[in-house]
Amino acid sequence: MKAIRFSQFGGPEVLELVELPDPHPAPGQIRVAVRAVGVNAIDWKLRSGMRGGDLPRRTGGEVAGVVDELGDGVTDVAVGDRVFGFAPGFDGAAELALSAEYAPIPPSLDFAGAAGLPVAVETAVRTLGLVGVGADSTVVINGAAGAVGSSAVQIAVARGARVIGTASPGNDGYLRSIGAEPTTYGEGLAGRLRELAPDGIDAAVDAAGGGALPALVELAGGPQHVVTIADHTGAQATGVRFSAGADPSTARAMHALKDTAS
């Protein structure tokens, strides 16, 4: 198969197209004929040498494509199914990739759209779980128009929550279209949130930073009801939990999309 790898650290110019043996899935894995690959910050960090590691190495942690081989014990998908998920070892930029953390692609998504979602959806499911968002919750998503934020909005709405989403004014229409009540982030946020939720909120997910944590803690009734993925310094100052890195319990979180897209 053809694959992308690099044999030295550097910019995009170090990426090379090579021929490698076809991989075969271990028990619990599937093999995917890759149609699209997601790109995340970790990809350039690995390529540039920021994380060190042995060379040569591959790239591409998120993939979308068609199942073309099943490992022993796999019964939830079949050869020919459209799937998206994580490629172990960041080796998804290839004609074929293996995955043990995957889900069917909703009919409303194409391969390119699905390939950019695994990290965002896993992060959304993980953070919503950390603050206990469920039916009848009122939750604020700070940075609701981004990849993580918009995923969190739609998953929370599918769970039956009332969602208030912060973003720039130009995103108001988009936020309404995915089920959130929009408000502007930035200075005066606490007052705007009080107008929308005079009795307070049950939880908040901060996906944007920008100094929002004090207001979110105040409205939620304490730092235990707030989680951030964007403000490590603010988390230390306010006692809010900072969450980073996939949790094994949410590694197959892409299945959450079946409730939000059809």
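Each residue of the sequence shown is one higher than the last, beginning at 5 in our numbering. Just so it is clear, CB atoms sit at the ideal spot from N, CA and C, and this is done for glycine as well. Just so we're clear, the structure is a prediction, and the values are computed from it rather than from any experiment.
Is residue i helix, strand or coil when you go by DSSP?
i: Leu74; result: strand
i: Glu191; result: coil
i: Pro108; result: strand
i: Thr142; result: strand
i: Ile8; result: strand
i: Phe94; result: coil
i: Ile159; result: helix
i: Leu132; result: helix
i: Arg51; result: helix
i: Ser266; result: Summary for Ser266: the model assigns pLDDT 42, below 50, so the residue's position carries little reliability, and this model does not support an answer.
i: Phe13; result: coil
Give me the Cα-Cα distance between residue i and residue j, rounded to the nearest whole angstrom.
i: Leu197; j: Asn44; result: 32 Å
i: Phe94; j: Asn146; result: 29 Å
i: Ser266; j: Glu73; result: For Ser266, the pLDDT reaches just 42, beneath the cut-off of 50, and the residue's location in the model is therefore unreliable, although a value from the coordinates is still provided. Cα-Cα distance, rounded: 25 Å.
i: Ala82; j: Gln33; result: 12 Å
i: Pro173; j: Arg180; result: 12 Å
i: Ala37; j: Leu223; result: 47 Å
i: Ile159; j: Val22; result: 39 Å
i: Leu50; j: Gly42; result: 15 Å
i: Met258; j: Leu121; result: 8 Å
i: Ala119; j: Gly169; result: 24 Å
i: Gly84; j: Thr188; result: 44 Å
i: Glu191; j: Ala148; result: 17 Å
i: Ala6; j: Gly53; result: First, the residue type needs correcting, since residue 6 is Lys and not Ala in the sequence shown. Their backbone Cα atoms lie some 23 Å apart in a straight line.
i: Val244; j: Val157; result: 20 Å
i: Pro29; j: Pro16; result: 29 Å
i: Arg62; j: Asp47; result: 9 Å
i: Glu199; j: Leu24; result: 59 Å
i: Ala98; j: Gly177; result: 38 Å
i: Glu20; j: Ser155; result: 33 Å
i: Ala40; j: Ala239; result: 35 Å
i: Arg35; j: Gly150; result: 30 Å
i: Val125; j: Glu66; result: 12 Å
Sort out for me which residues DSSP pairs residue i with in a bridge.
i: Glu66; result: Gly42, Phe90
i: Ile34; result: Leu74, Ser103
i: Leu21; result: Ile8
i: Phe246; result: Thr232
Does the beta carbon of residue i fall short of 7 Å from some heavy atom of the ligand ADP?
i: Asp58; result: Among the ligands in the structure shown, none appear at all, so the ligand ADP cannot be discussed.
For this session: Inspect the CB distances between the segment 202-213 and the segment 225-239 and report whether three or more fall short of 8 Å.
Result: Yes, the segment 202-213 is in contact with the segment 225-239.
Exercise. At what residue ranges does the segment 167-219 contain a whole run of the beta strand (DSSP E), taking only runs of 3 or more?
Worked result: The segment 167-219 contains these whole beta strand (DSSP E) runs: 185-188, 207-210.
Problem set entry | Stretch-stretch touch, CB-based, cutoff 8 Å, three pairs: the segment 109-118 with the segment 136-145 | These segments do not touch.
Exercise. Are the segment 233-240 and the segment 183-201 touching, with three or more C-beta to C-beta distances below 8 Å?
Worked result: In short, these stretches do not touch, since the Cβ pair count stays below three.
Exercise. Taking contact to mean at least 3 C-beta pairs separated by less than 8 Å, is the segment 125-136 in contact with the segment 51-60?
Worked result: Counting Cβ pairs under 8 Å, fewer than three are found: no touch.
For this session: Decide if the segment 214-224 is in contact with the segment 152-168; the criterion is three or more beta carbon pairs, one per stretch, under 8 Å apart.
Result: Result no; under three Cβ-Cβ pairs closer than 8 Å.
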